[in-house]
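Residue numbers are given in numbering that gives the first Met the number 0: position 166 of the sequence shown equals residue 165, and the series is strictly consecutive. Glycine included, C-beta positions come from ideal geometry on N, C-alpha and C. Taking it in order: structure first as structure tokens, then the write-up.
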Amino acid sequence: MQISYHYLKAFTRQNKGGNPAAIVTTDGLSDAQKQEIAGKIGFSETAFISRKNGRWFIEFYTPEKSIAYCGHATIAAFNLLRNEGLMEVGRHSILTKHDPIDIVISDSMVQMEQAYPIFFEVNKHEIASFTGLPLQEIRRAVIARNGVGYLLIELDDAEKLYSLEIDESAVYSFSEENDLIGIYPFAKKDAKIYSRMFAPFYGIKEENATGMAAGLSGGWLHLLSGNTESAFTIEQGYSAAMKERGILDVEITSNDNAKRVLVGGQAFCVSRETISILAPVISLK
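Below you can see the structure in the form of structure tokens.
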């Protein structure tokens, strides 16, 4: 059976850069079939969109396992549905396997609302051991969670970030032991945040736009600023190995003393593709 999917890039600027995502709008797939499709496509995440009780429902898979949330695939999916006339501009609540996610659709971009993160201190000596960085070059390191978890590593020098090489085996073990998606080293330079993301535990060597981790880092910097800094632009994929980078906009909002994080970006459709799976399926449309 042939399965169609849209190949998009999310967190782009003027249809340049961005992180690839596959969006599948075929219903009736089993979890095993979804995992097979994600593995065959090979992008860091594939999103599956369907209708459930009159609402949109979205699931995410990496090439090796399912994942609770994915920022860039969310941005890609709902930019696509807006462009195809299936969703209107405005605020929407989207069902997932876990808690619903709220999104805000405008004419030019999609924002994903995230919970304000919580943070846990970590031992910088252990972090230095699997990044290969001298301890003095790691400014801060925390585990941050907002439904998913990442290790945030703030460096003093963005150029150290550019040449960073990690111990994948050690990062895999650290992620497994601490229930993390991966690690997110970053540095501030010229009023912009530069970052990278490694998630070997989920089969992702490196990706160049990670919406959930961007929201965590924005929340962390907002907290460190004494709640004075509330808007950040992040350029992810800051390394020689990445051919393209992602641009993510992070905004912290406060309403009735409840802080929320909005991570937004543009996306464009590169192509529509097909792959083959074994079992017959039911079309969404």
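Q.
Which of the three DSSP states is assigned to residue 188 in this structure?
A. strand
Q) Is DSSP giving residue 128 helix, strand or coil here? A) helix
Q. Can you tell me the Cα-Cα spacing of residue 150 and residue 9, whole angstroms?
A. 23 Å
Q: Rank 81, 209, 273 by C-alpha distance to the C-alpha of residue 304 and give the top, closest one.
A: Only positions 0 to 284 of the chain appear in this structure, which leaves residue 304 out of reach.
Q: Give the single residue among 104, 61, 200, 220 whose Cα lies nearest to the Cα of residue 79.
A: 104
**Q.** Closest Cα partner of residue 6 within the set 26, 41, 246
**A.** 41
Q: Can you say whether residue 285 is buried or exposed, counting buried as having 16 or more other CB atoms within 10 angstroms of its CB?
A: Given that the chain is displayed from residue 0 to residue 284, the structure contains no residue 285 and the question cannot be resolved.
Q: Count the CB pairs spanning the region 162–171 and the region 14–32 that are closer than 8 Å, and state whether there are at least three.
A: no
Q: Report yes or no: is there a C-beta of chain C within less than 9 Å of the C-beta of residue 273?
A: No chain C appears in this structure, which consists of one protein chain only.
Q.
Just to check my reading of the structure: residue 18 and residue 43 have Cβ atoms closer than 8 Å, yes? What is that Cβ distance to the nearest angstrom?
A. 7 Å
Q: Could you tell me the boundaries of the beta strand (DSSP E) in which residue 4 lies?
A: 1–11
Q) Which two residues bound the contiguous alpha helix (DSSP H) that contains residue 252? A) Careful: residue 252 lies outside any alpha helix (DSSP H), inside the beta strand (DSSP E) at 245–254.
Q: Specify, as a first and last residue, the run of the alpha helix (DSSP H) that residue 30 falls within.
A: 30–40
Q.
For a quick check, are the C-beta atoms of residue 68 and residue 95 less than 9 Å apart?
A. yes
Q. For residue 217, which option in 170, 116, 158 has the closest C-alpha, if you only look at C-alpha atoms?
A. 116
(Q) For a quick check, are the C-beta atoms of residue 191 and residue 234 less than 9 Å apart? (A) yes
Q) What are the boundary residues of the alpha helix (DSSP H) that residue 73 is part of? A) 70–82
Q: Determine, using beta carbons only, whether residue 57 and residue 37 come nearer to each other than 9 Å.
A: no
Q.
Can you check which of these residues, 132, 137, 55, is closest to residue 100 by C-alpha distance?
A. 55
**Q.** Extent of the continuous beta strand (DSSP E) to which residue 49 belongs
**A.** 45–51
Q: Quick one: give me the first and last residue of the beta strand (DSSP E) that residue 258 is part of.
A: 257–275
Q) For the beta strand (DSSP E) that contains residue 149, what are its first and last residues? A) 148–154
(Q) Going by DSSP in three states, residue 199 sits in which element: helix, strand or coil? (A) helix
Q. Beta-carbon separation of residue 274 and residue 16 under 9 Å?
A. no
Q.
Quick check: the Cα distance between residue 111 and residue 133, rounded to an integer number of angstroms?
A. 36 Å
Q: Look at residue 128 and residue 169 and say whether their C-beta atoms are less than 9 Å apart.
A: yes
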